[in-house]
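Trainee:
Chains as they are written, first to last, in this note's numbering: chain A, 18 to 367; chain B, 631 to 916.
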């Protein structure tokens, strides 16, 4: 599936500002971005509900210009499911097959297949109003997948569900996608969801794709401050060129490659290693002395809000057994050494 | 709610909550209906008063061909008026609901109600008569003049004109609540526009269609003023007959029997209509 130079404006408001995208067959591809970034508009253009002002959409090598939604080899799972309230589960799932004019026996067989796929056998005669949120979600999935689309478009399908169910369905969706080999294009504003589920992610902002890549690439090597902040959290340091690597408010730091000009550095909180200051400075470079200002206990990890001179740093440590070597816990006001690994100091632009 | 309520307390609760509505229904619906039912079983006295003997003779008389004919004619007006209202009103409701100035359009739709009903019916009489505006207009093209009035068509036209807003309003309410995403879902699943409308939009407006049909059918069947004026004696509906019994003829007992007959028929047809719509139709009705 290819998208080239797609623009779309609604009454002067630009929703998509030149989007290029290529999704491979069988890929689980996520469009990630804050609300209003144009990700849903892009999905609607792929589905055929909206037409781009300029640009081209190709699915399986065919230009989709002028092809109405009902003739496209894609199906959509809507955010609010959009199940037909006057039809049973069976009726909803069979709808697309009936529109295709398949014989009754085949419709029956395929509906059973799809309902088994999403683990809903036995609920055929229920109406949507008699289903839970998670069950509705599964019906919406079955209704789309039963048509065996080349591409399945999912518009924030998990956002209406509670946290626990969301986690379960994430795993189920991934397994389903792998089993069927269908291309999934998944729209979400939840960075964790995108990181967990996708083969590849495109991060969108203000109608453009600002970064595209594998989940770990996008997370570990954000290209911009926006991406670094939208996916997880980051510490930012203004930096100037220095023989060692970079001159920062924390002093000179070694980088993978020395800076050529002024830049912004980002480092993830979990990459910062903490040592108790009372044991003396460990023999490493890129060490910064700081004091613990605030501690946030989240269960699995401790989040330390640190101050080193004028600079505030955020560092996470895993909540490991304190008997294990290297496991440390720090108290309020305690002095620590922070180690900033050169390979995790990433140059980003504003 | 307190679980340990004594029967007296529970009775009091029911009385306070259901009481006022129940009293209203009893005084203004049940009691008058019973009175009509009772009157229909009595006979006309020598001076037009209600009197004995008691019996079913009024109903037997109502089944005579003359009266059945008026009844069929009423049914025809009711059914045609409902169908035409649906044909005109359904698209109109969509047009209004989707129009940016729908408040203004709704106001315009209801504007005629600010004028007295009788005056509006007379207005049609003036418009449709031999020297009326319609014939004058057609005359300018060398057509006519036609005798539009008095006729069944003129009665029907005026009836539809009168009751059309009662059809549009409930459908409008349905359209306003319509989930348009279902239409997109239907497209997405391979339905072409007409079938998408049929499966995704039409069912969502059933409650409005149902309410609209009832609100047009019932008054259209019972009205007598329109038939009186635009039918000018040629179109006699059951409403006209009933009015005659209570007015000119002063046979209240027979008039009451015709009324009961009409009420029974309307209730029965509503019930059948609702049954046709399945259980949900029955819920709407009740």
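Where a beta carbon is used, it is the ideal one built from N, C-alpha and C, also for glycine.
In the DSSP assignment, find the beta strand (DSSP E) that holds residue 72 of chain A and state where it starts and stops.
Mentor: On the first chain, residue 72 of chain A is found 55 positions in, with the first residue counted as 1. Residue 72 of chain A -> beta strand (DSSP E) spans 71 to 76.
Trainee: With a floor of 4 residues, list each alpha helix (DSSP H) that falls wholly inside the segment 803 to 890 of chain B, ordered by position along the chain.
Mentor: Restricting attention to alpha helix (DSSP H) runs no shorter than 4 residues, the segment 803 to 890 of chain B encloses them at 811 to 818, 823 to 826, 836 to 852, 855 to 861 and 868 to 876, ordered along the chain.
Trainee: Taking Cβ-Cβ distances shorter than 7 Å, what residues in chain B pair up with residue 87 of chain A?
Mentor: In the first chain, the residue the question calls residue 87 of chain A occupies position 70. What residue 87 of chain A touches in chain B: 817, 820, 821 and 822.
Trainee: Which of helix, strand or coil does DSSP assign to residue 243 of chain A?
Mentor: As a working note, residue 243 of chain A is residue 226 in the first chain. Residue 243 of chain A: helix per DSSP, three-state reduction.
Trainee: Can you find the residues in the same chain that come closer than 7 Å, C-beta to C-beta, to residue 205 of chain A, ignoring five residues on each side of it along the sequence?
Mentor: Looking up residue 205 of chain A in the first chain gives position 188. Beyond the five residues adjoining it in sequence on each side, residue 205 of chain A comes within less than 7 Å, by CB distance, of 47, 49, 173 and 211 in the same chain, given in chain order.
Trainee: Taking C-alpha atoms, which residue in B/693, B/792 and B/831 lies nearest to residue 746 of chain B?
Mentor: Reading the second chain from its first residue, position 116 is the one you call residue 746 of chain B. That would be B/792, whose Cα lies nearest to the Cα of residue 746 of chain B.
Trainee: Tell me where the beta strand (DSSP E) around residue 45 of chain A begins and ends.
Mentor: Looking up residue 45 of chain A in the first chain gives position 28. Per DSSP, residue 45 of chain A belongs to the beta strand (DSSP E) from 45 to 49.
Trainee: Can you give the beta carbon distance from residue 349 of chain A to residue 309 of chain A, rounded, assuming they're within the 8 Å contact cut?
Mentor: The sequence position of residue 349 of chain A within the first chain is 332, counting from 1. The sequence position of residue 309 of chain A within the first chain is 292, counting from 1. The Cβ separation is near 6 Å, so the contact holds.
Trainee: Enumerate in chain order the residues of its own chain whose CB-to-CB distance from residue 631 of chain B is below 8 Å, with the five nearest sequence positions on each side excluded.
Mentor: The count along the second chain starts at 1 and reaches residue 631 of chain B at position 1. Interpretation of residue 631 of chain B is limited by its pLDDT of 48, a score under 50 that renders its predicted location unreliable; the figure taken from the coordinates is listed afterwards. Correct list: empty, nothing qualifies.
Trainee: Below 8 Å, how does it come out for the segment 231 to 245 of chain A and the segment 85 to 100 of chain A: are there three or more Cβ pairs, yes or no?
Mentor: no
Trainee: Return yes when the Cβ of residue 106 of chain A is within less than 7 Å of the Cβ of residue 63 of chain A, no when it is not.
Mentor: Working through the first chain from its first residue, we reach residue 63 of chain A at position 46. Working through the first chain from its first residue, we reach residue 106 of chain A at position 89. Contact: no.
Trainee: Using the Cβ count rule (16 or more neighbours within 10 Å means buried), how would you classify residue 32 of chain A?
Mentor: Along the first chain, one-based indexing puts residue 32 of chain A at 15. Counting Cβ neighbours within 10 Å, residue 32 of chain A comes out buried, since at least 16 surround it.
Trainee: Does chain B have any CB closer than 7 Å to the CB of residue 68 of chain A?
Mentor: Along the first chain, one-based indexing puts residue 68 of chain A at 51. By this cut-off, residue 68 of chain A is not an interface position.
Trainee: Please name the residues in the segment 195 to 209 of chain A whose beta-carbon is closer than 8 Å to at least one beta-carbon of chain B, in chain order.
Mentor: none
Trainee: Compare the C-alpha of residue 718 of chain B against each of B/739, B/871, B/784 and B/671 and name the closest.
Mentor: Along the second chain, read from residue 1 onward, the residue named residue 718 of chain B stands at position 88. The shortest Cα separation from residue 718 of chain B among B/739, B/871, B/784 and B/671 belongs to B/739.
Trainee: Please decide whether residue 811 of chain B counts as near chain A, where near means a Cβ-Cβ distance under 7 Å.
Mentor: Working through the second chain from its first residue, we reach residue 811 of chain B at position 181. By this cut-off, residue 811 of chain B is an interface position.
Trainee: On the premise that residue 18 of chain A lies in contact with residue 76 of chain A, defined as a C-beta separation below 8 Å, what is that separation, rounded to the nearest angstrom?
Mentor: Position 59 of the first chain, counting from 1, holds the residue named residue 76 of chain A. Position 1 of the first chain, counting from 1, holds the residue named residue 18 of chain A. Indeed they touch by this definition, with Cβ atoms about 5 Å apart.
Trainee: Select from A/226, A/325, A/118 and A/144 the residue whose C-alpha is nearest the C-alpha of residue 101 of chain A.
Mentor: For the purposes of this step, residue 101 of chain A is identified with residue 84 of the first chain, where counting begins at 1. Residue A/144 is the option with its Cα nearest to residue 101 of chain A.
Trainee: According to DSSP, simplified to helix, strand and coil, what is residue 34 of chain A?
Mentor: Position 17 of the first chain, counted from the start, is the residue given in the question as residue 34 of chain A. If DSSP states are grouped into helix, strand and coil, residue 34 of chain A belongs with the strands.
Trainee: Are the CB atoms of residue 345 of chain A and residue 333 of chain A nearer to each other than 7 Å?
Mentor: The sequence position of residue 345 of chain A within the first chain is 328, counting from 1. The sequence position of residue 333 of chain A within the first chain is 316, counting from 1. No, Cβ-Cβ distance for residue 345 of chain A and residue 333 of chain A is not below 7 Å.
Trainee: What residue does the beta strand (DSSP E) around residue 361 of chain A start on, and which one ends it?
Mentor: In the first chain, counting from the first residue as 1, residue 361 of chain A sits at position 344. Taken as a continuous stretch (DSSP letters only), residue 361 of chain A belongs to no beta strand (DSSP E), as it is neither H nor E.
Trainee: Please state whether DSSP places residue 673 of chain B in a helix, a strand or coil.
Mentor: Position 43 of the second chain holds residue 673 of chain B. Strand.
Trainee: For the beta strand (DSSP E) that residue 306 of chain A lies in, which residues bound it at each end?
Mentor: In the first chain, residue 306 of chain A corresponds to position 289, counting from 1. Note, residue 306 of chain A: beta strand (DSSP E), 304 to 314.
Trainee: Strictly below 8 Å CB to CB, what residues from chain A border residue 795 of chain B?
Mentor: In the second chain, counting from the first residue as 1, residue 795 of chain B sits at position 165. Ordered by position in chain A, no residue passes the 8 Å Cβ test against residue 795 of chain B, which lies about 27 Å from the chain.
Trainee: Kindly identify the DSSP beta-bridge partner or partners of residue 27 of chain A.
Mentor: For the purposes of this step, residue 27 of chain A is taken as residue 10 along the first chain, with counting starting at 1. DSSP, once it has assigned bridges, lists A/30 as partnering residue 27 of chain A.
Trainee: Anything in the segment 37 to 71 of chain A with a Cβ closer than 7 Å to a Cβ of chain B? List those residues in chain order, please.
Mentor: 64 and 66
Trainee: Is there contact between the segment 354 to 364 of chain A and the segment 291 to 305 of chain A, where contact requires at least three CB pairs shorter than 8 Å?
Mentor: Touching, yes, given that three or more Cβ pairs across the two stretches are closer than 8 Å.
Trainee: Residue 54 of chain A: which of A/43, A/160, A/25 and A/113 sits nearest, CA to CA?
Mentor: Position 37 of the first chain holds residue 54 of chain A. Residue A/25 is the option with its Cα nearest to residue 54 of chain A.
Trainee: Taking Cβ-Cβ distances below 7 Å as the criterion, which residues of the segment 99 to 116 of chain A are in contact with chain B?
Mentor: Those residues of the segment 99 to 116 of chain A that come within reach of chain B (Cβ to Cβ, closer than 7 Å) are 99, 101, 103, 112, 113 and 116.
Trainee: Taking only beta-carbon atoms, is residue 631 of chain B less than 7 Å away from chain A?
Mentor: Translated into the one-based positions of the second chain, residue 631 of chain B becomes position 1. Confidence in residue 631 of chain B is poor, its pLDDT being 48 and thus under 50, which makes the residue's placement too unreliable to answer from.
Trainee: Determine which residues share a DSSP beta bridge with residue 301 of chain A and list them.
Mentor: Along the first chain, one-based indexing puts residue 301 of chain A at 284. For residue 301 of chain A, which the question treats as bridged, DSSP gives no partner whatsoever.
Trainee: Round the Cβ separation of residue 42 of chain A and residue 200 of chain A to the nearest angstrom and send it over; I've been treating them as touching at under 8 Å.
Mentor: Taking the first chain and counting its residues from 1, the one referred to as residue 42 of chain A is at position 25. Taking the first chain and counting its residues from 1, the one referred to as residue 200 of chain A is at position 183. Their Cβ separation, rounded to whole angstroms, is 6 Å, which keeps residue 42 of chain A and residue 200 of chain A in contact under 8 Å.
Trainee: Which residues bound the beta strand (DSSP E) around residue 18 of chain A?
Mentor: As a position in the first chain, residue 18 of chain A is number 1, starting the count at 1. Looking at the DSSP string, residue 18 of chain A is not in any beta strand (DSSP E), and its letter there is neither H nor E.
Trainee: In the segment 824 to 849 of chain B, which residues sit with their C-beta less than 9 Å from some C-beta in chain A, listed in chain order?
Mentor: 825, 826, 829, 830, 833, 834 and 836
Trainee: Tell me, to the nearest whole angstrom, how far the beta carbon of residue 240 of chain A is from that of residue 366 of chain A; I am working on the premise that it is less than 8 Å.
Mentor: Position 223 of the first chain holds residue 240 of chain A. Position 349 of the first chain holds residue 366 of chain A. With 8 Å as the limit, residue 240 of chain A and residue 366 of chain A qualify as a contact, their Cβ atoms being about 7 Å apart.
Trainee: Quick check on residue 97 of chain A: does DSSP put it in helix, strand or coil?
Mentor: Against the first chain, residue 97 of chain A aligns to sequence position 80. Coil, per DSSP.
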